[in-house]
């Protein structure tokens, strides 16, 4: 019996995309969770936490390269499914290898170099996940269901973060104090093989997108998809990159920054408590992404939904950071949890918006590149917030950075075209087939 009006094949495609983003969330946040623990192991003296945060930036830059290269030569040429099967395999292997890296005390400068190389490799293959997953899931469902389906797929990232938070707490109980610094963080990276293997199995039985199969049947697959993207999608692509730059700056400055704030400022590196609090924050965010996707159609469209959600995030940033930046665990969960809920609402509409913005001829490349290109600047958020705090009070620097990123988003969304509206669904073609 169809669920939500979708058949078995459609749900397999959706779950396949969701599981990849779960893996992405698990791996990306695994590093963010232990960057405070890893920084003295890999970075000498004063380099410290800044060196650790630069690892997030390395991964973000690699994602842009991976989305452009792999989307062009795999996703838009041999198929969404085949690309996603290959990327999740390599994604998992390189993630686990971080757990066997030598330390700075044993190999010197080679230690941080090897760490950056592996983070770049993880980012390279993770970069293909967003474009491939968004294309596969969006092309598989009708426009009126795409907002919620996109939100569900997007929630995979938060689910991965949620599981990683609990895994951190469990490992903190098993490996206490110095043992966690020596072994526990390594085991966390080894565990990435489990969701990776499960996702690989799901993708082995996932059907290819009907839109892509139609392109193959009509012999309309582009020889060099990126060329068509650069020729036809200039304006929309620039605006989309500005949107994702603001959003990924916010994301790095919140979800990827919360672990360090909690460990270094509020919880004295108590990984058990940090993992538990982060898991609850991300559980709250999951309701945010589902809620945002469910009401986006009622609001009237993709674009207007994102504007409303972003404005709400910006105006609430200061009071929620004041509430969350506390030694009280309940205030931390409520303040950062509510902020995560609102931010997740913004993300809920993005997969459908980007998929409908770009032609099917280069959709995987364009969606993946525009999303991940935002991380080139957005991935430095934790670095910029930390540096800004050297000139002003920490919470003020934090809010100011998030506010500027939100303003960039609002202006770029306002300048973009609406891709689908509930009121106009009978008046224009569904852009997913163009």
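Residue numbers (the numbering used here): 73 to 506. No residue lacks a Cβ here, since even glycine has one placed at the ideal position from N, Cα and C. Here the structure is a predicted model, which means the values were calculated and not measured.
Give a yes or no on whether the C-beta atoms belonging to residue i and residue j are separated by under 8 Å.
i, j, result
"residue 322", "residue 415", "yes"
"residue 219", "residue 421", "yes"
"residue 429", "residue 279", "no"
"residue 458", "residue 121", "yes"
"residue 334", "residue 389", "no"
"residue 433", "residue 297", "yes"
"residue 454", "residue 318", "no"
"residue 96", "residue 232", "yes"
"residue 425", "residue 491", "yes"
"residue 238", "residue 358", "no"
"residue 470", "residue 418", "no"
"residue 352", "residue 407", "no"
"residue 446", "residue 313", "yes"
"residue 488", "residue 311", "yes"
"residue 244", "residue 347", "yes"
"residue 67", "residue 275", "The requested residue 67 does not occur in the structure, where the chain is confined to residues 73 to 506."
"residue 107", "residue 260", "no"
"residue 91", "residue 228", "yes"
"residue 109", "residue 345", "no"
"residue 142", "residue 159", "yes"
"residue 180", "residue 320", "no"
"residue 379", "residue 299", "no"
"residue 152", "residue 262", "no"
"residue 102", "residue 128", "no"
Give the secondary structure of residue i by DSSP, where H, G and I count as helix, E and B as strand, and everything else as coil.
i, result
"residue 78", "strand"
"residue 491", "coil"
"residue 155", "helix"
"residue 239", "helix"
"residue 473", "helix"
"residue 38", "Nothing about residue 38 can be read from this structure; the chain reaches only from 73 to 506."
"residue 213", "coil"
"residue 173", "coil"
"residue 399", "coil"
"residue 499", "Interpretation of residue 499 is limited by its pLDDT of 43, a score under 50 that renders its predicted location unreliable; the figure taken from the coordinates is listed afterwards. Three-state DSSP puts residue 499 in coil, outside helix and strand."
"residue 353", "helix"
"residue 92", "helix"
"residue 105", "helix"
"residue 369", "helix"
"residue 411", "helix"
"residue 432", "coil"
"residue 345", "helix"
"residue 382", "helix"
"residue 180", "coil"
"residue 125", "helix"
"residue 508", "Nothing about residue 508 can be reported from this structure: the residues present for the chain run from 73 to 506 only."
"residue 249", "coil"
"residue 258", "helix"
"residue 149", "coil"
"residue 421", "helix"
"residue 141", "helix"
"residue 115", "coil"
"residue 263", "coil"
Using a threshold of 7 Å, is the CB atom of residue i nearer than that to any non-hydrogen atom of the ligand SAH?
i, result
"residue 302", "The ligand SAH is not part of the structure shown, which contains no ligands of any sort."
Three or more C-beta pairs closer than 8 Å, one from the stretch 197-208 and one from the stretch 108-119: is that the case here?
no
Identify every run of the alpha helix (DSSP H) within the stretch 297-338, keeping only runs that are complete inside it and at least 4 residues long; order them along the chain.
297-304, 306-324
List in chain order: all unbroken beta strand (DSSP E) runs of 3+ residues lying wholly within the stretch 265-290.
none
Counting beta carbon pairs with one atom in the stretch 336-347 and one in the stretch 218-233, are three or more of them shorter than 8 Å?
no
Looking at C-beta atoms only, is the number of pairs between the stretch 266-273 and the stretch 125-140 that lie closer than 8 Å three or more?
no
For the pair the stretch 220-234 and the stretch 351-366, tell me if three or more CB-CB distances fall below 8 Å.
yes
Complete runs of the alpha helix (DSSP H) confined to the stretch 434-461 [at least 4 residues]:
435-450, 453-460
Does the stretch 166-173 come close enough to the stretch 380-394 that 3 or more CB-CB pairs lie under 8 Å?
no
Using a Cβ distance threshold of 8 Å, determine whether the stretch 183-203 contacts the stretch 150-163, with at least three qualifying pairs required.
At 8 Å Cβ cutoff, the stretches touch.
Three or more beta-carbon pairs under 8 Å between the stretch 74-90 and the stretch 182-193, yes or no?
no
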